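*Asks:*
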Amino acid sequence: MYNKIILAGNLTRDVEVRYTQSGSAIGNTAIATSRKFKSATGEQKEEVLFVDLTFFGRTAEIANQYLRKGSKVLVDGRLKLDQWTAQDGSKRSKHSVTVENLQMLGSKDDAQSGGYNNAPAGDTYAQPAPSQTAPQAAPQQEQASNIPEIDINEDEIPF
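Each residue of the sequence shown is one higher than the one before, starting from 45 at the first, in my numbering.
#1: According to DSSP, is Gly114 part of a helix, a strand, or is it coil?
#2: Determine the direct distance from the alpha carbon of Ser137 to that of Val95, and round the result to whole angstroms.
#3: Quick one: measure Cβ to Cβ for Ser78 and Val92, integer angstroms, because I've assumed they're closer than 8 angstroms.
#4: Are there 16 or more other CB atoms within 10 angstroms of the CB of Tyr110, so buried, or fewer, so exposed?
#5: What whole-angstrom Cβ distance do Glu141 and Val117 have, given they're in contact under 8 angstroms?
#6: Could you tell me which whole beta strand (DSSP E) segments of length 3 or greater appear in the stretch 55-115?
#7: Spatial neighbours of Ala130 within its chain, please: C-beta separation below 6 angstroms, excluding the five flanking residues on both sides.
#8: Under a Cβ-count criterion, where at least 16 other Cβ atoms within 10 Å of its own Cβ denotes burial, should Leu146 be classed as buried or exposed?
#9: Can you look up Ser140 in the DSSP assignment and give me helix, strand or coil?
#10: With distances taken between CB atoms, is the gap from Ala69 to Ala104 smaller than 8 angstroms?
#11: Pick helix, strand or coil for Leu123, following the three-state DSSP scheme.
#12: What does DSSP give as the partner residues of Lys135 in its beta bridges?
#13: By how many angstroms is the C-alpha of His139 removed from the C-alpha of Asp126?
This is the structure we're talking about:
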């Protein structure tokens with residue numbers, strides 16, 4: 045099966061970074077994307093979609109350092125379904141994206157106004173891909189596949 049998603053849009057909030065006990069960075073934010081279309085009546089409409097993003101490792105640290113609310117980005121990654129039971133007993137779920145590659149899309153004007161803290165526009169940051177040909181790659185592959193699960197505190201969920 046194939047699970048790949050590509051999104052371009054603006055961040056809806058600053059990147060929040062937390063660290064696991066082993067020292068790995070995990071960053072969370074959300075992206076807003078939109079599309080414009082004509083309705084059946086010929087009226088111009090706009091549809092906006094908000095999707096949560098999760099970054100890991102060095103990509104999370106770079107996103108936290110250079111990106112701010114409103115920053116334009118292009119991300120690709122895997123779609124993930126999060127499910128939990130709310131305090132009232134109802135079952136909840138939402139889709140999110142685990143980011144594998146990040147590209148900053150802003151201009152130098154955005155960087156000077158604080159959008160990227162003077163990061164060069166168009167830079168791409170990706171999770172290191174484990175090499176399948178090098179014999180030393182086995183520990184890296186094992187480490188990359190051991191991304192820690194995070195316990196979600198229901199009090200932190202905004203809805």
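Yeah, the Cβ is synthetic: ideal placement off N, Cα and C, and Gly gets one too. For clarity, every value in this text was computed on a predicted model and none was experimentally measured.
*Replies:* With the structure as the only source:
#1: coil
#2: 13 angstroms
#3: 5 angstroms
#4: buried
#5: Correcting the residue type first, residue 141 is Val in the shown sequence and not Glu. About 11 angstroms separates the two Cβ atoms, so there is no contact after all.
#6: 60-63, 69-82 and 88-100
#7: Taken in chain order, the residues that qualify are Arg136.
#8: Buried is the call here.
#9: strand
#10: yes
#11: strand
#12: Thr129
#13: If you take the alpha carbons of Asp126 and His139, they lie about 6 angstroms apart.
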